[in-house]
Amino acid sequence: MMKKLLYALLLSLPSIFAFGQADDEVLMKVDNRPVTVGEFRYIYEKNNGKEANYSEKSIREYLDLYSRFKLKVARARTLKLDTIQSLNDELNGYKRQLANSYLTDREIMDHLLKQLQERQKEDVQFSHILISAPDKAADSVKQAALARIQTIKKEIEMGKAFEAAAKEYSDDKGTAVNGGDLGYFTAMLPEGFYEVENALYSLPFNKISEPIKSKLGYHLIKVVGKRPSRGIISVAHILIKNIDKSDEPKMKIEDAHKQLMAGADFGKIAAQFSEDKQTAQNGGYLPAFGINTYDTVFEDAAFALKADGEISKPIHTKAGWHIIKRVKKMDAKEDFASFKKMYEPRIKKDERFNIAKKRLVEDIKKASGYSQNEAVFNKFASTLNEEFLSFKWTPDLNADGMRDKLISFGGDTHHTVADFASFCKKNTKSRLKYDKNATAVKEVATALLMEFSDEKAIDYEQKLLEVKYPDFKALMREYEEGILLFEATKRAVWDRANQDTVGLAAYHHKYQDNYKTEEKGSLVTYTVKTTDAKEAEKVAKMAMKKDPQEVLKKFNKNSQMVSFVEETLEKQNPRFANMTWQLNYQSPVVKAESGEGFIFSRISQIQPVRNKTLKEARGYVVADYQDYLEKEWMKELMAAYKIEVIDVVLKKMVK
């Protein structure tokens, strides 16, 4: 049962920069605030990429840009923009988001990926005893199953052979007859078997595990063999099925093999002989596979082939007779980036991710000296009633005991009953999913306290990230200063350019010659629906002297023979390409492209170049006015704040 299930189930932030000792050296000061070598190196490499060649010219050019950035940040701090609540809320929201990403990627995902990559270097053969207790089973069933498997383990410890116990007790009847032997497996095992996988790669040979819970129930695991991983292989095959007990299938496969040994093309022989309809016409190619995908005999023969292109002798499986050709052998991926791209999506959906996250929280609590005041919690819980399990419940945050410390981390980080009560209020869904009775009230409060403490453990760890990960610290500084830069620039430049109507008008007046219209012309295009070219020429002759409405009045008495379209177009428009640019110029009469009638065009008006009004040029004027204000602002900042570059430190950076 388990073997079949396992077989069936088996069938993606920024770069880290190295920070050495020299990174602590001060490279520059802006308004007496230091910029270290490490800070500058991070931003220099990030924004220059491959162009970050560390030449003196390159460093000085970028340091000049960075100093201008720092001047704006200095002004923002002078204006106390870093105390604005909305900006701090934005920064804290980003910090929480980024910190969660770091904890997920660095503390959990990378650990799981490296663990899996290491495990995939080995295949493990193991036996098991299963006592069924599916995840959805009642607690009484699970408790009984656990008690039973503990009894079985004691029997084995008293001398009973594992294989005999498997045959006698295991609920996995498919492997019980073989003493529980499941054969070889490799990580990653399917969803629901992560703890089984942990046992496979940690147990010594022939050591019996403690009871392990999976989605099927409780297991006792015994590792009986290990070998280097077979990896992944791609093959093509020819299949002759076992139709009856005659020698005909064997004779056919031997005939096919003989032709292959004589140099025949494998694809052609597959098309001629193979009875695998899904692959016969495709050269016999099978999708790449690892162990436990096909019959063991088939897999052993495939992995025994030593070189790409090598062809096996005929082998016999339950499906029939096969000839196998090795196409390509792929060992376990050594490149971590490629490995991560392949397995990260699967790991995120696997139970191991949540298990690892839970263990991370447990480790954080342990390392931080987490403590929980049970007396304070019980006092709070005693004030709750069935209303706690409804939308109506609202805590009185000023009540007695609300300021008492409930949980603590590291001796200096505390969260009160009021903090927990507010958390409970926000988590209404968690409170509503239980029945309204006194027992449930205490259970819900206890469950919510666990969620609350887990969340605060993550918050506590986030505070340490800037110490653990220098690139996280650099990102947070970059984002914080970016917010300050944006707000300061918005006030000094962008808002002023849009709101200072007097200044904008004065700027436009001073530089109005910079904003010109294009020379334009009014083009009247006539269409004459007639087969008579002479009639069309008559229309054109009148059009040279009269306006379009008079032309229509003259020629449309009995039918709608003449029509026109008038457009105002810039001189560069292709419609003027074959025309002389002069007032009243009229093109020759030509047949319409549709083949129905004739057309000609006339330039009825020319609009000369002129200065645009402020309304017409507003977008361009505002942009230029912003550039002007930016330059004036920078002059002011350079006069207001001191920039000091430590030249000796700069020259040490040059390569």
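Counting in the numbering used here, the sequence shown runs from 54 upward without gaps. Note that the Cβ used here is the ideal one computed from N, Cα and C, for glycine as well.
DSSP has residue i in a bridge; who is on the other side?
i    : result
H369 : W374
K381 : S287
F342 : I286
L622 : G574
K294 : G373
F617 : Y579
E697 : K82
D364 : The residue you asked about is not Asp; residue 364 is Ile in the sequence shown. Partner(s): K378.
S185 : G270
Rounding to the nearest angstrom, what Cα-Cα distance links residue i and residue j in this structure?
i    : j    : result
I306 : K321 : 14 Å
M529 : N141 : 12 Å
E572 : I659 : 8 Å
I293 : F356 : 21 Å
G663 : T570 : The sequence shown places Arg at residue 663, not Gly. Each residue's Cα considered, the two are about 6 Å apart.
E440 : N480 : 14 Å
P398 : K279 : 28 Å
L557 : E669 : 13 Å
G232 : S299 : 34 Å
E519 : A434 : 37 Å
P340 : V350 : 18 Å
E250 : L485 : 37 Å
D403 : G343 : 20 Å
L156 : H164 : 11 Å
G316 : I364 : 11 Å
Q74  : T89  : Any reading at Q74 must be qualified, since the residue scores a pLDDT of 37, below 50, and its modelled position is unreliable; the value itself is stated next. Rounded to whole angstroms, Q74 to T89 spans 11 Å at the Cα level.
P302 : I296 : 8 Å
I261 : G373 : 38 Å
D553 : R544 : 12 Å
W446 : K478 : 7 Å
K82  : A498 : 53 Å
V177 : Y396 : 20 Å
Judging by CA-CA distance, which residue of the options is the nearest neighbour of residue i?
i    : options                   : result
F246 : K419, S267 and F258       : S267
Y678 : L622, N551, K587 and I659 : N551
S287 : G337, G463 and K167       : G337
A676 : K207, R549 and V618       : R549
L502 : A559, N426 and H181       : N426
A589 : K526, L557 and F653       : F653
F392 : N153, N631 and Q173       : Q173
R121 : M691, R399 and K665       : M691
Q515 : R159, D403, I96 and S108  : R159
I460 : E171, G422, L682 and W446 : G422
E649 : A630, L636, M614 and V674 : M614
H272 : P340, I696 and K206       : K206
G26  : D77, G463, A197 and D472  : Lying before the first or after the last residue shown, residue 26 is absent from the chain, which here runs from 54 to 708.
I377 : K411, L313, P257 and V414 : L313
D416 : D507, L576, A354 and T131 : D507
S223 : K260, L269 and A127       : L269
S612 : V577, T583 and D524       : T583
R379 : G574, R405 and I291       : I291
W634 : E109, V555 and E623       : E623
K521 : K563, M597, K708 and A152 : A152
M304 : M395, D388 and F326       : F326
H561 : T666, G464 and S575       : T666
F505 : K418, N438 and A452       : K418
S443 : N431, D449 and S483       : S483
Q196 : K371, I112, L144 and P264 : P264
K311 : K366, A354 and Q334       : K366
Write down the C-beta distance between residue i and residue j rounded to the nearest angstrom, noting that I regard them as a contact closer than 8 Å.
i    : j    : result
T466 : K458 : The Cβ separation is near 10 Å, so there is no contact.
V581 : F651 : 5 Å
V702 : V79  : 7 Å
Q639 : A586 : Q639 to A586, Cβ: 16 Å. No contact.
L3   : Y694 : Shown here, the chain extends from 54 to 708; a query on residue 3 therefore has no answer.
L134 : L537 : 6 Å
R656 : N626 : One point to set straight first is that residue 656 is Ile, not Arg, in the sequence displayed. About 12 Å separates the two Cβ atoms, so there is no contact after all.
L253 : V276 : 6 Å
Check whether the Cβ of residue i sits closer than 8 Å to any heavy atom of the ligand NAP, and report yes or no.
i    : result
Y107 : Judged by which ligands are present, the structure shown has none, so any question about the ligand NAP falls away.
4-residue-minimum alpha helix (DSSP H) runs that sit fully inside the region 401–481, ordered along the chain: For the region 401–481, whole alpha helix (DSSP H) runs of length 4 or above, ordered along the chain, are 404–421, 427–434 and 470–479.
What ranges does the alpha helix (DSSP H) occupy inside the region 135–182, keeping only unbroken runs of at least 4 residues that lie completely in it? With a minimum length of 4 residues, the continuous alpha helix (DSSP H) runs that stay inside the region 135–182 are 138–155 and 163–172.
Quick one: which unbroken alpha helix (DSSP H) runs of 4-plus residues sit fully inside the region 196–281? Chain order, please. For the region 196–281, whole alpha helix (DSSP H) runs of length 4 or above, ordered along the chain, are 215–222, 226–229 and 247–253.
Taking the runs of the beta strand (DSSP E) that are 3 residues or longer, which of them lie wholly in the region 520–604? Listed in chain order, they are 573–581.
Which runs of the beta strand (DSSP E) at least 3 residues long sit entirely within the region 627–669? Give them in chain order. Listed in chain order, they are 651–660.
Any chance you could list the alpha helix (DSSP H) runs of at least 4 consecutive residues sitting entirely within the region 68–139, in chain order? The alpha helix (DSSP H) runs of length 4 or more contained entirely in the region 68–139 are, from start to end of the chain, 90–101 and 109–131.
Those runs of the alpha helix (DSSP H) which lie wholly inside the region 306–341 and span at least 4 residues: Within the region 306–341, complete alpha helix (DSSP H) segments of at least 4 residues are found at 319–326, given in chain order.
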